[in-house]
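First to last, the sequence lines map onto chains A and B.
Number 1093 in our numbering belongs to position 17 of the first sequence; there are no gaps in the numbering.
Number 1258 in our numbering belongs to position 182 of the second sequence; there are no gaps in the numbering.
Quick reminder that beta carbons are idealized off the backbone N, C-alpha and C, glycines included.
Nothing here was measured: the structure is a model prediction, and the numbers come from that model.
2 protein chains.
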Amino acid sequence: MSHKGKLYGVGIGPGDAELLTLKAIKALKKADVICLPKSKDQASTALEIVEEFLPKDIEQVQMVFSMSKDIEQRKTSRKNNALEVMEMLDQGKNVVFLTLGDPMLYSTYSYLLEYLTKEYSVENIPGIYSFSAISNTLSIPLCKGKEKVSVIGAFNKDSEAILALSDTTVCMKISSYGKQLAEFLKNNSGYSFTMISEAGKEEESQYFDAKILEGDLPYFSTAIVQKIKQ
Amino acid sequence: MSHKGKLYGVGIGPGDAELLTLKAIKALKKADVICLPKSKDQASTALEIVEEFLPKDIEQVQMVFSMSKDIEQRKTSRKNNALEVMEMLDQGKNVVFLTLGDPMLYSTYSYLLEYLTKEYSVENIPGIYSFSAISNTLSIPLCKGKEKVSVIGAFNKDSEAILALSDTTVCMKISSYGKQLAEFLKNNSGYSFTMISEAGKEEESQYFDAKILEGDLPYFSTAIVQKIKQ
Chain A
1077 MSHKGKLYGV
1087 GIGPGDAELL
1097 TLKAIKALKK
1107 ADVICLPKSK
1117 DQASTALEIV
1127 EEFLPKDIEQ
1137 VQMVFSMSKD
1147 IEQRKTSRKN
1157 NALEVMEMLD
1167 QGKNVVFLTL
1177 GDPMLYSTYS
1187 YLLEYLTKEY
1197 SVENIPGIYS
1207 FSAISNTLSI
1217 PLCKGKEKVS
1227 VIGAFNKDSE
1237 AILALSDTTV
1247 CMKISSYGKQ
1257 LAEFLKNNSG
1267 YSFTMISEAG
1277 KEEESQYFDA
1287 KILEGDLPYF
1297 STAIVQKIKQ
Chain B
1077 MSHKGKLYGV
1087 GIGPGDAELL
1097 TLKAIKALKK
1107 ADVICLPKSK
1117 DQASTALEIV
1127 EEFLPKDIEQ
1137 VQMVFSMSKD
1147 IEQRKTSRKN
1157 NALEVMEMLD
1167 QGKNVVFLTL
1177 GDPMLYSTYS
1187 YLLEYLTKEY
1197 SVENIPGIYS
1207 FSAISNTLSI
1217 PLCKGKEKVS
1227 VIGAFNKDSE
1237 AILALSDTTV
1247 CMKISSYGKQ
1257 LAEFLKNNSG
1267 YSFTMISEAG
1277 KEEESQYFDA
1287 KILEGDLPYF
1297 STAIVQKIKQ
């Protein structure tokens, strides 16, 4: 037990190294292995953010997580990655698994955790959510007083009700449902719309007209939809 | 213009100095004045967290924000505090306004911002939300895949619908509506309940039985209510 390494699930925020927490940096410095999911451009983005804090001789592991429509295949892939992590922990290595944003909000890491058995020591370190950074950049309070805010990652039968009930709805992973949201906003007046793509990066763009939703959106786009107060 | 100071709205996270971001620390070090709302124990808690990063000769201002039921009185109080901040900025001072958690989520700071006129330079710096820290501490993913998560700060006519539609509902400021939430959970099975009080502090307590809601709750309590998946 005492010779096993420790797993750190580290949230690194939206893409600006200055939004790393002290706790995250401390974990990065203790890492023997840095692990990250290989998907879209996320892997290289995540590595760039933390590079300056990593030990020089660190081992890098990019893990492929199946995106198959077959749930069993996705589960097998998660389990195999968890087995690989546990093997490294058994070798006494400290493993840091990076997550853009936060490890407990739409992260691949949370799937991996399901397959990690109890004898391993795990520490999760929160990171700034992309929408939190965006609301601060744009000075848009997400909620005040008795208001409520919701976060959606897809558009399905309940999404319209959520948009109707919430003072603010944060739309993440919006590139997969831009057109549906555009349709909703066309049919329902009384909402304001703000979107940021590639937040914190050089290519960052801000949009205030929901028409942008009708075209193709960059993968890292997040919208804030708010009821306009009378 | 160039002689005016800058206002920094700094989110300091839930109460653990290690969860400060590098950006927040940078702003703290540039502060001439540190401002914070005087309410409950928040002021002293916030100061303790950041103390080690503040310049030695820093000026401290604790601002009283009216909690009156009369909205006009609350507005006057916010406006007067904004005037005081603008006066300090006019004197060329950099003012840091501290917020436990994040400046754009249920913060007094966001009310103050409404009265700050356009000629002042403002930078908001996001902080880790208390519920983000809690979900990481307890290894409870708030959402995966296509799920949705909502955050409420009161219990009103829409709250039951939000609880029914969301995979996860984060209940903040729960000390004001514990009994109503207890009643909901008694009448609706299929939800898990987790609560943390005084997160990150020595007195931190974790609760997994909703019965705790029937008594008096510490002011800093946050619950995570999740639909139990079949």
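For B/M1162, the uninterrupted alpha helix (DSSP H) run begins and ends at I1147 to D1166, by DSSP. The three-state secondary structure of B/G1254, taken from DSSP, is helix. For the pair A/P1131 and A/N1200, the Cα-to-Cα distance works out to about 20 Å. From the listed residues B/N1232, B/L1293, B/K1287 and B/T1213, the smallest Cα separation to B/S1251 is found for B/L1293. When DSSP states are grouped into helix, strand and coil, A/N1263 belongs to the helix group.
Neighbours of A/D1178 in chain B, taken as residues at a C-beta separation under 7 Å, are given in chain order as S1208.
Assignment of beta-bridge partners to B/N1200 by DSSP yields B/G1085.
One finds M1180 and L1181 in chain A with Cβ atoms closer than 7 Å to the Cβ of B/L1218, taken in chain order. Distance from B/G1229 to B/G1087 at the Cβ level is roughly 16 Å; contact not present, criterion being Cβ atoms closer than 8 Å.
Counting every other CB atom within 10 Å of its CB across the protein chains shown gives A/I1304 a total below 16, marking it as exposed.
Taking the CA atoms as reference points, B/A1158 sits about 17 Å from B/E1135. In this structure, B/L1165 places its C-beta atom within 9 Å of the C-beta atom of B/K1080. With respect to chain A, the C-beta atom of B/Y1187 has a partner C-beta closer than 9 Å.
The beta carbon of B/S1183 sits closer than 6 Å to those of T1175, all from its chain and outside the five residues before and after it, given in chain order. The continuous alpha helix (DSSP H) containing B/E1236 extends over residues S1235 to L1241. For A/V1198, the nearest beta carbon of chain B is closer than 9 Å to its own beta carbon.
Nearest CB-CB separation between A/E1223 and chain B: below the 9 Å threshold. Within its own chain, the residues whose Cβ lies closer than 6 Å to the Cβ of B/Q1149, once the five positions on either side in sequence are excluded, are S1142, listed in chain order.
The region 1208–1218 of chain B and the region 1188–1195 of chain B do not touch, with fewer than three beta-carbon pairs separated by less than 8 Å. Residue-level contact check: A/P1113 does not touch chain B, since none of the beta carbons of chain B fall below 9 Å from its beta carbon.
Our two residues, A/S1153 and A/V1171, have alpha carbons roughly 19 Å apart in a direct line.
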